[in-house]
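Enquirer: Before we start, here is the structure in question, set down as structure tokens.
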Amino acid sequence: MDDTELHRERILRHVSPIITGRFLGFQASYTREVRVGRPIALAVFVAAGIAQMIGALLRMKPSRRTLKELRKGPEFLVTPVRLRDDLGQTYEIEMHGQLPQSALHRGDLVQVRTQPQSDPTLPVRLVQVVNLTTMQPLTPRIPTQWSHMGPALLLQAAVGVAIAGGLLAAWLG
Numbered sequence: 002m003d004d005t006e007l008h009r010e011r012i013l014r015h016v017s018p019i020i021t022g023r024f025l026g027f028q029a030s031y032t033r034e035v036r037v038g039r040p041i042a043l044a045v046f047v048a049a050g051i052a053q054m055i056g057a058l059l060r061m062k063p064s065r066r067t068l069k070e071l072r073k074g075p076e077f078l079v080t081p082v083r084l085r086d087d088l089g090q091t092y093e094i095e096m097h098g099q100l101p102q103s104a105l106h107r108g109d110l111v112q113v114r115t116q117p118q119s120d121p122t123l124p125v126r127l128v129q130v131v132n133l134t135t136m137q138p139l140t141p142r143i144p145t146q147w148s149h150m151g152p153a154l155l156l157q158a159a160v161g162v163a164i165a166g167g168l169l170a171a172w173l174g
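Residue numbering for the sequence shown follows this note's numbering, starting at 2 and increasing by one per position.
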């Protein structure tokens, strides 16, 4: 056993939804991809395709993305955050998205609201943090499936649904 094993700090996984402690710092960040579910991606793709076909007849230039590109989903930043409670225990939680760098300083007293992740091997996810030193509430922002698809594609899908609904109503009526 070497010296690093003797002095290695034990990191705990917290199960309570609220953690109060001192902010120790951010660890190295990395990106993680969110997959878009096949039914959602397929529905948007087909509905947008209807609008694109009508646009092609009217010689409008559609924005075209493949189903594979839609399914890939957005990437978001994951930053492990370490806190130490009053008992001296260190906890690691994951922050998805970004916060302003000046929002938290080492040693600040913080209260963190967490949520378990779908993968039980991952630490809990930070939902909101209140810096009790400055009394500033903070919420990290992450991209969503809808922001990944983009307003142009979602607008095309809405037009496609309206066209399909109109054709279906005309056919049935």
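We put the CB at the ideal spot given by N, CA and C, even for glycine.
Computed from a prediction, not measured in an experiment: that's the story for all the values here.
1. Note down, in chain order, each residue of its chain lying with its Cβ closer than 7 Å to the Cβ of Leu123, except the 5 sequence neighbours on either side.
2. With 16 as the cutoff for other CB atoms within 10 Å, does Tyr31 come out buried or exposed?
3. Comparing alpha-carbon positions, which option in Leu155, Pro117, Thr134, Tyr92 lies nearest Asp1?
4. Gln112 and Gly51 - do their beta-carbons sit closer together than 9 Å?
5. If you drop the 5 nearest sequence neighbours on each side, which residues of the same chain put their C-beta closer than 6 Å to that of Val131?
6. Less than 9 Å between the C-beta atoms of Phe24 and Leu78, yes or no?
7. For the beta strand (DSSP E) containing Gly26, list its first residue and its last residue.
8. Using 9 Å as the threshold, is the C-beta distance between Arg142 and Val128 below it?
9. Quick check: the Cα distance between His97 and Thr140, rounded to an integer number of angstroms?
10. For Leu88, tell me which candidate among Ala163, Leu155, Leu156, Gly22 has the shortest Cα-Cα distance.
11. How about Gln116 and Pro40: are their beta carbons less than 9 Å apart?
12. Assuming Ala48 and Gly166 form a contact by the criterion Cβ under 8 Å, report the distance between their Cβ atoms to the nearest whole angstrom.
13. For the beta strand (DSSP E) that Pro138 lies in, which residues bound it at each end?
14. What are the boundary residues of the beta strand (DSSP E) that includes Leu110?
Expert: So, from the data block:
1. Counting only Cβ-Cβ distances below 7 Å, and skipping sequence neighbours, we find Glu95.
2. Of the other Cβ atoms in all chains shown, fewer than 16 fall within 10 Å of the Cβ of Tyr31; this residue is therefore exposed.
3. Since the first residue shown for the chain is 2 and the last is 174, residue 1 is missing from the structure and cannot be characterised.
4. According to the sequence provided, residue 51 is Ile. The question's Gly does not apply to it. It is not a contact, given that the beta carbons lie outside the stated cut-off.
5. Gln112, Pro138
6. no
7. 19–27
8. no
9. 10 Å
10. Gly22
11. In this structure, Pro40 does not lie closer than 9 Å to Gln116 by Cβ.
12. About 10 Å; that fails the 8 Å criterion.
13. Going by DSSP, Pro138 is part of the beta strand (DSSP E) stretching over 137–139.
14. 110–116
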